[in-house]
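Engineer: Please read through the structure below; I'll follow up with questions.
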Amino acid sequence: MNILIDADGCPVVDLTLQIAKQFSVPVIILCDTAHQIEREGAQTLVFDKGADSVDFALVNRVKPGDVVVTQDYGLASMCLAKRARVLNQNGLEYTADNMEALMLRRYENKKLLRAGKHPKGSPKRTKEQDEAFVATLTDILASI
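Residue numbers (the numbering used here): 859 to 1002.
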């Protein structure tokens, strides 16, 4: 089993590495040339910038039982289809049960963007979000 991180814009790379180390699980960081992220204790794979280049590289590497960290619903859906465990940076584990509603929300947000309505940016990351992420990843790794 590996943990694969869709690292472009991912705020929990270091937290993931800390938890993975406790469980002796290898970590693979995938990013593009604009976001090269090197960390001790992890393998980093860098791909050309381009629409979804990192996403497709990750999907091609993920295996059943792997854990994926991403905030991309489309990528999460593809990884679920390959029988991986998938969670976002806030500790939400993506499942077949919640994926449809999340994809619908993404679709609705894209419609708003096309209509010229720009949503507010994300608020500053909180300690509670980090704690929720740590709890979910720890639970996943402890159950394996």
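In this text, a Cβ means the ideal position worked out from N, Cα and C, and glycines have one as well.
Only a predicted model underlies this, so the values are computations on that prediction, with no experimental measurement involved.
So the beta strand (DSSP E) Val992 belongs to, where does it begin and stop?
Structural biologist: As a working mapping, residue 992 is identified with position 134 in the sequence shown. Here Val992 belongs to no beta strand (DSSP E); instead the alpha helix (DSSP H) covers Lys985 to Ala1000.
Engineer: Cβ atoms of Val912 and Cys937: under 8 angstroms apart, would you say?
Structural biologist: The count along the sequence shown starts at 1 and reaches residue 937 at position 79. The count along the sequence shown starts at 1 and reaches residue 912 at position 54. In this structure, Val912 does not lie closer than 8 angstroms to Cys937 by Cβ.
Engineer: Please list, in chain order, all residues of the same chain as Glu896 whose beta carbon is under 7 angstroms from its beta carbon, the five residues on each side excluded.
Structural biologist: Taking the sequence shown and counting its residues from 1, the one referred to as residue 896 is at position 38. Cβ within range, chain order: Thr902.
Engineer: Below 8 angstroms, how does it come out for the stretch 945–956 and the stretch 990–1002: are there three or more Cβ pairs, yes or no?
Structural biologist: Counting Cβ pairs under 8 angstroms, three or more are found: they touch.
Engineer: What does the alpha-carbon distance come out to for the pair Lys982 and Ile887?
Structural biologist: What you label residue 982 is simply residue 124 of the sequence shown in a count that begins at 1. What you label residue 887 is simply residue 29 of the sequence shown in a count that begins at 1. Distance between the alpha carbons of Lys982 and Ile887 is about 23 angstroms.
Engineer: Return the chain-ordered ranges of every alpha helix (DSSP H) run that is complete within the stretch 894–931 and spans a minimum of 4 residues.
Structural biologist: Counting only runs of 4 or more, we get 911–919.
Engineer: Would you kindly report the start and end of the unbroken beta strand (DSSP E) that includes Arg943?
Structural biologist: Position 85 of the sequence shown, counted from the first residue, corresponds to residue 943. Residues Arg943 to Leu945.
Engineer: Look at the Cβ atom of Leu916, then the Cβ atom of Gly899, and state whether they are nearer than 8 angstroms.
Structural biologist: Within the sequence shown, the letter at position 58 stands for residue 916. Within the sequence shown, the letter at position 41 stands for residue 899. Going by C-beta atoms, Leu916 is not nearer than 8 angstroms to Gly899.
Engineer: Do Val883 and Met859 have their C-beta atoms within less than 8 angstroms of each other?
Structural biologist: Your numbering for residue 883 matches position 25 in the sequence shown. Your numbering for residue 859 matches position 1 in the sequence shown. Going by C-beta atoms, Val883 is nearer than 8 angstroms to Met859.
Engineer: Go to Val871, then tell me how far its alpha helix (DSSP H) extends in each direction, as first and last residue.
Structural biologist: Residue mapping note: residue 871 aligns to position 13 of the sequence shown, counting from 1. Per DSSP, Val871 belongs to the alpha helix (DSSP H) from Val871 to Phe881.
Engineer: Considering Cα atoms alone, identify which of Asp997, Phe914 and Ile861 is closest to Gly932.
Structural biologist: Along the sequence shown, read from residue 1 onward, the residue named residue 932 stands at position 74. It is Phe914 whose Cα lies nearest to the Cα of Gly932.
Engineer: Can you tell me the Cβ-Cβ gap for Val904 and Thr891, rounded? I've got them flagged as a contact below 8 angstroms.
Structural biologist: As a working mapping, residue 904 is identified with position 46 in the sequence shown. As a working mapping, residue 891 is identified with position 33 in the sequence shown. Contact holds; Cβ gap of about 6 angstroms.
Engineer: Report the rounded CA-to-CA distance for Val925 versus Ala942, giving the unit in angstroms.
Structural biologist: Translated into positions along the sequence shown, residue 925 becomes position 67. Translated into positions along the sequence shown, residue 942 becomes position 84. Going from the Cα of Val925 to the Cα of Ala942 covers about 6 angstroms.
Engineer: May I ask which residues mark the beginning and end of the beta strand (DSSP E) holding Leu888?
Structural biologist: Working through the sequence shown from its first residue, we reach residue 888 at position 30. Looking at the DSSP string, the run of the beta strand (DSSP E) that includes Leu888 is Val885 to Asp890.
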